[in-house]
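Asks: Protein chains in written order, with the working numbering: chain V, 11 to 366; chain B, 11 to 366.
Each residue gets a CB set at the ideal place from its N, CA and C atoms; glycine is no exception.
Dropping the structure in here first, questions after.
Protein chains: 2
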Amino acid sequence: MTTMHDVAAHAKVSAKTVSRVFNDDPHVAPATRERILAAMKQLNYVPNTLAQNFRTGRAPVIGVAVPDIADPFFSSIARAVEEIAAEQNMSVSVTSLGNDPSREEPVLESLLRFQLSGLIVAPISENQAYLSRWTDHTPVVFVDRAPTKLAVDSFVEDDLGGAHAATTHLIRHGHTRIAFIGDTLSIPTTANRLEGYKSALADAGLPYRDDLVVFGARTVEGARQAVATLIGRQLEPTAVFSSDARCSMSLIPALQEAHQSNLALVGFGDFPMANALRPAITVVDQDPANLGRLAITRILDRIANPTKRYRRRTILPVGLVERASCLVPWDSPVTEPANGDLASDDDTFSPLQAAS
Amino acid sequence: MTTMHDVAAHAKVSAKTVSRVFNDDPHVAPATRERILAAMKQLNYVPNTLAQNFRTGRAPVIGVAVPDIADPFFSSIARAVEEIAAEQNMSVSVTSLGNDPSREEPVLESLLRFQLSGLIVAPISENQAYLSRWTDHTPVVFVDRAPTKLAVDSFVEDDLGGAHAATTHLIRHGHTRIAFIGDTLSIPTTANRLEGYKSALADAGLPYRDDLVVFGARTVEGARQAVATLIGRQLEPTAVFSSDARCSMSLIPALQEAHQSNLALVGFGDFPMANALRPAITVVDQDPANLGRLAITRILDRIANPTKRYRRRTILPVGLVERASCLVPWDSPVTEPANGDLASDDDTFSPLQAAS
DNA sequence: GGATAGCATGACACCGGTGCCATTCGAGCG
DNA sequence: CGCTCGAATGGCACCGGTGTCATGCTATCC
Chain V
11 MTTMHDVAAH
21 AKVSAKTVSR
31 VFNDDPHVAP
41 ATRERILAAM
51 KQLNYVPNTL
61 AQNFRTGRAP
71 VIGVAVPDIA
81 DPFFSSIARA
91 VEEIAAEQNM
101 SVSVTSLGND
111 PSREEPVLES
121 LLRFQLSGLI
131 VAPISENQAY
141 LSRWTDHTPV
151 VFVDRAPTKL
161 AVDSFVEDDL
171 GGAHAATTHL
181 IRHGHTRIAF
191 IGDTLSIPTT
201 ANRLEGYKSA
211 LADAGLPYRD
221 DLVVFGARTV
231 EGARQAVATL
241 IGRQLEPTAV
251 FSSDARCSMS
261 LIPALQEAHQ
271 SNLALVGFGD
281 FPMANALRPA
291 ITVVDQDPAN
301 LGRLAITRIL
311 DRIANPTKRY
321 RRRTILPVGL
331 VERASCLVPW
341 DSPVTEPANG
351 DLASDDDTFS
361 PLQAAS
Chain B
11 MTTMHDVAAH
21 AKVSAKTVSR
31 VFNDDPHVAP
41 ATRERILAAM
51 KQLNYVPNTL
61 AQNFRTGRAP
71 VIGVAVPDIA
81 DPFFSSIARA
91 VEEIAAEQNM
101 SVSVTSLGND
111 PSREEPVLES
121 LLRFQLSGLI
131 VAPISENQAY
141 LSRWTDHTPV
151 VFVDRAPTKL
161 AVDSFVEDDL
171 GGAHAATTHL
181 IRHGHTRIAF
191 IGDTLSIPTT
201 ANRLEGYKSA
211 LADAGLPYRD
221 DLVVFGARTV
231 EGARQAVATL
241 IGRQLEPTAV
251 FSSDARCSMS
261 LIPALQEAHQ
271 SNLALVGFGD
281 FPMANALRPA
291 ITVVDQDPAN
301 LGRLAITRIL
311 DRIANPTKRY
321 RRRTILPVGL
331 VERASCLVPW
341 DSPVTEPANG
351 DLASDDDTFS
361 PLQAAS
C-alpha cells in the first residue's frame with residue numbers, strides 16, 4: 011500500500027502538502043497540486059481510513075446490533091439506517107446478537123471499542139446496565155425494545171396499544187376464546203403485548219385464561235407444539251393473536267399442517283407475503299424502516315448537538331392493517347373492512363376457487 | 011476515554027507493561043499484574059481498537075456489499091457470513107448497493123479504505139475492473155453474481171441449469187407457452203437464467219417467443235405491468251417462470267389482482283411463506299446461507315494461506331423444490347410430486363376449501 | 001526602500017497501542 | 001566470589017495521516 015509519504019517523495023514535496031491536496035486546501039500552488047495529483051495517480055494512492063480514524067479518535071461508523079439480521083423486521087431497520095448513514099458518508103456495521111443473552115455484552119463491547127459514532131441496539135438481554143460506561147461518549151439508541159437499567163434514547167412501538175387493538179378487533183368479530191402465541195416473555199415487547207391482550211380481554215369483560223397463552227413459537231417446530239397444546243384444551247380457542255411476525259410466520263405453516271383453518275388470526279408485525287396468503291393475514295403494522303430512520307436521525311442529532319436535551323423514550327403508534335384472517339368464517343365478513351388492502355381479497359390465487 | 015498511559019501512570023509502570031498484561035504476556039510479575047488489573051478496573055480502561063488496527067494495518071472486519079440487505083436472499087448471506095466471522099472475532103460491515111450501478115465503485119472504495127480483512131460482493135454494476143487495485147492486498151469474493159473483467163473468487167448458483175430444470179419441469183407438466191418474467195438483463199443471473207429457459211425450450215422443441223419475455227418486475231407495480239402485457243398477447247402463456255425471488259414476491263400479488271389463477275408458476279429462489287401460499291410455490295432453491303458460508307470460509311482460507319491456489323469459479327448446483335404452483339389445474343396433478351414438501355399440501359389454509 | 005501582509009510550504013508532534021532492543025536485578029553455578 | 005543467564009521492566013520508534021506553528025518568499029503600500 012502506498013502511503014502519503016511515498017507520494018510526497020515522488021512529487022518532491024512534504025507529506026503535509028500531499029495532505030493539503032487531498033483535503034482541498036486552497037493554499038497550494040496550482041503547479042504543485044498538479045504534480046501531486048499526477049504522483050497520486052501514478053502510485054495508485056488511496057488514503058488509509060484507519061489512520062484517519064485513529065487520529066480523529068472516531069470511526070464514521072454506526073453500529074447496528076439486532077437479534078437476527080435475517081429477520082425481515084430487523085433487516086428493514088438496518089436498511090433504513092444504512093440509507094441515511096450513507097448520506098453522511100458513514101458506514102454501518104451490522105451484528106446479529108442471536109439467542110444467547112450472555113453473548114450480548116461481549117459482542118456490543120467489542121463493537122464499541124471501534125470508537126463508533128453511534129450504536130443502535132435491539133437487545134436480547136434483560137439488563138443493559140453494562141453499557142453505561144459508554145453512553146457518555148457514544149450515542150446509543152435502542153429500537154423496538156426499551157433499555158433496562160440504562161438511561162438512553164429509545165424508539166419503540168406501542169406494543170400495549172397495538173396488542174389491545176388487535177385483541178379488541180378479534181373480540182368485535184365475535185371471538186371470546188382468543189389464544190395468545192408468542193416466543194418468550196423475556197423479550198419486553200412480548201411481555202407488553204401480553205399486557206395489551208389481557209387489558210383488551212378485561213375491557214370486554216372476558217375472562218383471562220392462562221391455558222390459552224403459549225410460548226416458544228419462534229420456530230415452526232415450536233409453533234407446531236403450541237398449536238397442538240391449544241387444540242387439546244377444553245373450550246378450544248376460535249382465534250389467535252400472534253405476538254410477533256416471526257411467530258406468525260412459523261404459526262401459519264403449523265396451522266395449515268394441523269388443519270386449523272377455522273382459527274381467526276391477527277399478528278403483531280407485518281411480514282412478507284402476508285397479504286398474498288389466503289386468507290390474507292390481518293396484522294398490526296410496525297413500520298420498522300421508520301424505527302431505523304428515527305434512531306439514526308437521533309444519533310446524528312446528538313452528534314451535532316451534544317448538549318441538547320431530547321425526550322428519551324418515544325413510543326410510536328401502530329396501525330391495524332385489516333385483511334381477511336380476522337374474519338371467521340372468512341368468506342362471510344362480520345363487518346365491512348375499512349382497509350383498502352382487502353379490496354382484492356376475492357381475487358384469490360387459490361386453485362380451489364376455480365375448482366369449486 | 012482513558013488510555014493505556016493513564017493506567018500505566020496510575021499503576022506506576024510503563025505503558026508497555028500494561029500492554030503486556032492485556033496481551034497475556036507471561037513475563038509480568040504477579041504482583042505487578044494485580045496492580046495493573048486493579049488500575050484498569052478502577053479507571054474503566056478499554057483498549058482502543060482503532061489504535062490496534064492502525065498499528066496492524068488491518069481491520070478485523072469483513073465487508074459485505076449486496077444490492078439490498080432487506081432482501082431475504084441477501085440478508086441470509088450476510089447472516090451466514092456474520093456467524094462464521096464472529097467465531098474469528100471479526101465483525102461484519104454491511105452495505106446495500108441499491109439500484110444505481112454508478113454508486114458501486116465509490117461505495118466499495120470507501121469500504122476498502124478501511125483496510126478490510128476481506129470483502130464479499132454481490133455486484134450491481136457490469137464491470138468491476140476498478141477493484142483490481144485492491145485484490146492483491148485484500149481477498150475479495152463474489153457471491154451470487156460472477157465478476158466481470160476481474161479475476162477473483164466467486165460462488166454462484168447454477169443459474170443456467172436451474173432455469174433449465176424449472177422450465178423443463180413446466181414443459182413436462184404440459185405447458186408449451188411459458189413466459190419468462192425478470193427484473194433486468196443487466197443482472198448476470200437474470201441473463202443466465204434466460205439462457206437456461208431458452209435452452210430448455212429448444213431441448214423440448216418448443217419455439218422461443220420473445221413476446222413472452224418481460225422485464226421490470228422487481229416491484230409490484232412493475233409486475234402488474236408485466237402481467238398486463240402478457241395477458242394482452244395472442245396465445246397467452248399458461249405458465250410463468252419467475253427469474254428471481256424478488257420478482258416472485260412481486261408477481262404473486264400482481265397475479266392475484268389480475269385474476270390469473272390459472273397460470274402455473276415456478277420461481278428461481280425460495281422466499282418466505284412460499285410454501286404457505288395456496289398453491290404453494292414451486293421454486294428452484296438456492297441456499298443463500300451456504301453461499302455466505304463458502305465466501306467467508308474462502309476469505310479466511312486466503313488469509314491463512316496467502317500463496318495457496320484455489321479454483322476461482324465455483325458453481326453450486328441448485329435443486330427444484332416441487333410444491334404445487336407448477337400443476338395446472340392445481341387440484342389435478344399431472345405427475346405425482348416427489349418432494350416431501352408437498353405432503354401437506356392438501357392441508358390447505360384456504361377458507362375456500364371449507365366453503366366449497 | 002523598508003515595513004508588512006499574505007501565501008506556499010515544511011517541520012514536528014501527536015493520536016494509542018506494540019515490536020524490538022536495552023537495562024536492571026537476582027538466582028544459580030562453577 | 002564472579003560470571004552467566006533469564007526474568008521483569010522500560011525506552012523508543014513506528015504505523016499514516018493531520019493540526020499547529022514556523023519559515024521563506026513575494027507583492028503591496030506608504
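Would you call B:P316 buried or exposed, if buried means 16 or more other Cβ atoms sit within 10 Å of its Cβ?
Replies: For this step, residue 316 of chain B is matched to residue 306 along the second sequence. Burial call: exposed.
Asks: What's the gap between the Cα of B:V117 and the Cα of B:T13?
Replies: Translated into positions along the second sequence, residue 117 of chain B becomes position 107. Translated into positions along the second sequence, residue 13 of chain B becomes position 3. Taking the straight line joining both Cα atoms gives about 33 Å.
Asks: Which chain V residues are close to B:F281, counting only those with a beta carbon under 9 Å from its beta carbon?
Replies: Taking the second sequence and counting its residues from 1, the one referred to as residue 281 of chain B is at position 271. Within chain V, the C-beta atoms nearer than 9 Å to that of B:F281 come from P282 and M283, in chain order.
Asks: By DSSP, does B:I134 sit in helix, in strand, or in coil?
Replies: Here residue 134 of chain B refers to the residue found at position 124 of the second sequence. B:I134 falls in the coil class under three-state DSSP.
Asks: Restricting to runs no shorter than 4 residues, where is the alpha helix (DSSP H) found entirely within the stretch 296–322 of chain V?
Replies: 298–314
Asks: Answer with buried or exposed for V:E136, where buried requires no fewer than 16 other C-beta atoms within 10 angstroms of its C-beta.
Replies: Within the first sequence, residue 136 of chain V is the residue found at index 126, counting from 1. Exposed, because fewer than 16 other Cβ atoms sit within 10 Å of the Cβ of V:E136.
Asks: Under the assumption that B:S260 contacts B:A227 (Cβ atoms under 8 Å), give the Cβ distance between them as a whole number of angstroms.
Replies: Looking up residue 260 of chain B in the second sequence gives position 250. Looking up residue 227 of chain B in the second sequence gives position 217. Confirmed, about 6 Å.
Asks: Mind the definition here: the stretch 278–298 of chain B touches the stretch 321–341 of chain B only if three or more C-beta pairs lie below 8 Å; say whether that holds.
Replies: yes
Asks: Please check the pair V:S106 and V:V71, which I expect to be a contact at CB under 8 Å, by giving their CB distance rounded to whole angstroms.
Replies: If you number the first sequence from 1, residue 106 of chain V lands on position 96. If you number the first sequence from 1, residue 71 of chain V lands on position 61. In fact, because the Cβ distance is near 17 Å, the residues do not count as touching under 8 Å.
Asks: Under 7 Å Cβ-Cβ, which residues of chain B neighbour V:Q52?
Replies: Counted from its first residue, the first sequence places residue 52 of chain V at position 42. None at all; the shortest Cβ gap to chain B is about 13 Å.
Asks: Can you list, in chain order, the stretches of the beta strand (DSSP E) that have 3 or more residues and sit fully within the stretch 218–295 of chain B?
Replies: 249–252, 274–278 and 292–295
Asks: Alpha carbon to alpha carbon, how far is B:F152 from V:A25?
Replies: By one-based count along the second sequence, residue 152 of chain B stands at place 142. By one-based count along the first sequence, residue 25 of chain V stands at place 15. Going by the C-alpha atoms only, they are around 36 Å apart.
Asks: Please confirm if B:V56 has its CB atom under 8 Å from at least one CB of chain V.
Replies: Here residue 56 of chain B corresponds to residue number 46 of the second sequence, with the count starting at 1. Judged by the 8 Å Cβ criterion, B:V56 is in contact with chain V.
Asks: How far does the alpha helix (DSSP H) with V:G171 in it reach, from first residue to last?
Replies: Within the first sequence, the letter at position 161 stands for residue 171 of chain V. Looking at the DSSP string, the run of the alpha helix (DSSP H) that includes V:G171 is D169 to R182.
Asks: Against chain B, with Cβ distances strictly below 8 Å, would V:M14 count as a contact?
Replies: By 1-based counting over the first sequence, the position of residue 14 of chain V is 4. It does not: the Cβ of V:M14 has no partner Cβ on chain B nearer than 8 Å.
Asks: With distances taken between CB atoms, is the gap from V:T59 to V:S164 smaller than 8 Å?
Replies: Counted from its first residue, the first sequence places residue 59 of chain V at position 49. Counted from its first residue, the first sequence places residue 164 of chain V at position 154. Going by C-beta atoms, V:T59 is not nearer than 8 Å to V:S164.
Asks: Counting only beta-carbon atoms, is V:E332 nearer than 8 Å to chain B?
Replies: For this step, residue 332 of chain V is matched to residue 322 along the first sequence. Not one chain B Cβ lies under 8 Å of V:E332.
Asks: From the DSSP output, in three-state form, read off V:L110 for me.
Replies: Walking along the first sequence from the start, residue 110 of chain V turns up at place 100. For the record, residue 110 of chain V in the displayed sequence is Asp; it is not Leu. Under the three-state reduction of DSSP, V:D110 is assigned to coil, being neither helix nor strand.
Asks: Touch check for the stretch 77–89 of chain B and the stretch 45–53 of chain B: three-plus C-beta pairs under 8 Å?
Replies: Contact fails: fewer than three Cβ-Cβ distances are below 8 Å.
Asks: Does the beta-carbon of V:W340 have 16 or more other beta-carbons within 10 angstroms, so that it is buried, or is it exposed?
Replies: If you number the first sequence from 1, residue 340 of chain V lands on position 330. Low confidence applies to V:W340: its pLDDT is 46, below 50, so where it sits in the model is not reliable, and the reading given next is rough at best. It counts as buried.
Asks: I'd like to know whether the C-beta atoms of B:G279 and B:Q296 end up nearer to each other than 8 Å.
Replies: Numbered from its first residue, the second sequence carries residue 279 of chain B at position 269. Numbered from its first residue, the second sequence carries residue 296 of chain B at position 286. Yes, these two residues count as a Cβ contact at 8 Å.
Asks: Would you grab the beta carbon distance between B:P77 and B:F281 for me? Rounded to a whole angstrom, and I think it's under 8 Å.
Replies: For the purposes of this step, residue 77 of chain B is taken as the residue at position 67 of the second sequence. For the purposes of this step, residue 281 of chain B is taken as the residue at position 271 of the second sequence. Not really, about 15 Å apart at Cβ, beyond 8 Å.
Asks: By DSSP, does V:T345 sit in helix, in strand, or in coil?
Replies: Taking the first residue of the first sequence as position 1, residue 345 of chain V is located at position 335. In this predicted model, V:T345 has a pLDDT of only 42, less than 50, meaning its place in the structure is not dependable; the value taken from the coordinates is given anyway. In the structure shown, V:T345 sits in coil (DSSP, three-state: anything other than H, G, I, E or B).
Asks: Could you have a look at V:D213 and say whether DSSP puts it in helix, strand or coil?
Replies: Numbered from 1 along the first sequence, position 203 holds the residue referred to as residue 213 of chain V. V:D213: helix per DSSP, three-state reduction.
Asks: Excluding the five sequence neighbours on either side, which residues of its own chain have a C-beta within less than 6 Å of the C-beta of V:G73, listed in chain order?
Replies: In the first sequence, residue 73 of chain V corresponds to position 63, counting from 1. Correct list, in chain order: S103, L121, L126 and L129.
Asks: Output yes if chain B places a C-beta closer than 8 Å to the C-beta of V:V102; else output no.
Replies: Within the first sequence, the letter at position 92 stands for residue 102 of chain V. Yes - at least one Cβ of chain B is within 8 Å of the one on V:V102.
Asks: Which first and last residues belong to the alpha helix (DSSP H) in which B:L53 is found?
Replies: Numbered from 1 along the second sequence, position 43 holds the residue referred to as residue 53 of chain B. From DSSP, the alpha helix (DSSP H) with B:L53 extends over P40 to L53.
Asks: Quick check on V:T27: does DSSP put it in helix, strand or coil?
Replies: In the first sequence, residue 27 of chain V corresponds to position 17, counting from 1. Helix at V:T27.
Asks: Could you tell me which uninterrupted beta strand (DSSP E) segments, each at least 3 residues in length, are contained entirely in the stretch 62–113 of chain V, listed from first to last along the chain?
Replies: 71–76 and 101–106
Asks: Do V:L222 and V:A175 have their CB atoms nearer than 8 Å?
Replies: For the purposes of this step, residue 222 of chain V is taken as residue 212 along the first sequence, with counting starting at 1. For the purposes of this step, residue 175 of chain V is taken as residue 165 along the first sequence, with counting starting at 1. Not closer than 8 Å, so no.
Asks: Which one or two residues does DSSP pair with B:F190 in a beta bridge?
Replies: Numbered from 1 along the second sequence, position 180 holds the residue referred to as residue 190 of chain B. B:F190 pairs with B:V223 and B:F251.
Asks: Just curious, the alpha helix (DSSP H) that B:V17 is in, first and last residue?
Replies: Taking the first residue of the second sequence as 1, we reach residue 17 of chain B at position 7. Element bounds for B:V17: M14 to A21.
Asks: Since V:S85 meets chain B, which of its residues come closer than 7 Å, beta carbon to beta carbon?
Replies: Start at 1 with the first residue of the first sequence, and residue 85 of chain V comes out as number 75. Those within 7 Å of V:S85 in chain B are I79, A80 and S85.
Asks: Tell me, to the nearest whole angstrom, how far the beta carbon of V:D250 is from that of V:L211; I am working on the premise that it is less than 8 Å.
Replies: Here residue 250 of chain V corresponds to residue number 240 of the first sequence, with the count starting at 1. Here residue 211 of chain V corresponds to residue number 201 of the first sequence, with the count starting at 1. Here residue 250 of chain V is Val; the residue named in the question, Asp, does not match the sequence. Not confirmed; about 14 Å, so no contact.
Asks: Please report the straight-line C-alpha distance between V:A264 and V:L330, rounded to a whole angstrom.
Replies: Position 254 of the first sequence, counted from the start, is the residue given in the question as residue 264 of chain V. Position 320 of the first sequence, counted from the start, is the residue given in the question as residue 330 of chain V. Rounded to whole angstroms, the separation of the alpha carbons of V:L330 and V:A264 is 24 Å.
Asks: Starting from the beta carbon of B:E92, find every residue of chain V whose beta carbon is closer than 8 Å, and list them in chain order.
Replies: Indexing the second sequence from 1 puts residue 92 of chain B at position 82. The answer, in chain order, is I79, V104, T105 and S106.
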